[in-house]
Amino acid sequence: MGGFFEMIRKGSIDSIGGAQKKMEEQYASQDQSDVEGFKRKKKHTIPFQCMVSIPTGFQIQKPNTPKLVYDVSHLSMVKEMCKRVIDVEDCGQVEIDLHVLKIKGVLPFIVNVSIEPLSMEHVYTTSGRDTSLFLSCQETVYVDHILKYSVDHVPYYVIDGHHILVRDVVIKLLEENPQTAQISGVFYFDYA
27 MGGFFEMIRK GSIDSIGGAQ KKMEEQYASQ DQSDVEGFKR KKKHTIPFQC MVSIPTGFQI
87 QKPNTPKLVY DVSHLSMVKE MCKRVIDVED CGQVEIDLHV LKIKGVLPFI VNVSIEPLSM
147 EHVYTTSGRD TSLFLSCQET VYVDHILKYS VDHVPYYVID GHHILVRDVV IKLLEENPQT
207 AQISGVFYFD YA
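Residue numbering for the sequence shown follows the working numbering, starting at 27 and increasing by one per position.
Here is the structure:
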């Protein structure tokens, strides 16, 4: 509250209404920054999904963290040029050359999901009392994604697991077929 009274004392806020307006502007600016950060993160994502069939008498084990393995060796960085027209104050429209950095190729992946029997009665395993099993599915995501535009030359980036991350992995049983599970998420390209 000291900050509020300090602002009034210094004259930057002349009333309670002015204080409310100042706070709303500050929060709107912060919200806009959060939205821009979210959009930037969302902009550099590519969704993936695959399906697994759950055998009769089994269910998805809970809690369950799917294990995902992905291969980035089929991706490459591509530098391209394009022309854009921009408006320059006191000059009108000007055509400029833009350098474009893209990541292209295919991104194959395999996902493992653990399942367990619905009932332990009459169920035996070759590994003692551990009855969990793993189902897997394999898919490929096609990638043709713009990472950056620049008027200067774009730098070279390494393609690896530090820059291509997996996020928001979810397992969902399909309503129309509860014996099928959909595993989905996004590949996030962390190139600032």
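C-beta: ideal position from N, C-alpha, C; glycine also.
- With the rule of 3 Cβ pairs closer than 8 Å, the region 194-209 counts as touching the region 70-82.
- Under DSSP, the beta-bridge partners assigned to Cys163 are Val137.
- In this chain, the beta strand (DSSP E) harbouring Met77 covers Thr71 to Ser79.
- When DSSP states are grouped into helix, strand and coil, Ile190 belongs to the strand group.
- Separation of the CB atoms of Lys130 and Ser102 is rounded to 6 Å, and the pair is thereby assigned contact status at 8 Å.
- Under DSSP, Gln208 forms a beta bridge with Met77 and Lys198.
- For the 8 Å CB-CB criterion, Phe160 and Phe74 do not form a contact.
- Residue range Leu101 to Val114 is occupied by the beta strand (DSSP E) that includes Leu101.
- Tyr96: member of the beta strand (DSSP E) spanning Lys93 to Tyr96, first to last residue.
- C-alpha of Leu199 to C-alpha of Gln85: approximately 10 Å in a straight line.
- Three or more beta-carbon pairs drawn from the region 210-218 and the region 189-199 are found closer than 8 Å, and the two stretches are therefore classed as touching.
- Non-local C-beta neighbours of Gly83 in its own chain, meaning closer than 8 Å and more than five positions away in sequence, comprise Pro143, Leu144 and Ser145, ordered along the chain.
- Secondary structure of Gln119 (DSSP, three-state): strand.
- Cβ atoms of Val169 and Val139 stay farther apart than 8 Å, at about 24 Å.
- Bounds of the beta strand (DSSP E) holding Ile86 are Phe84 to Ile86.
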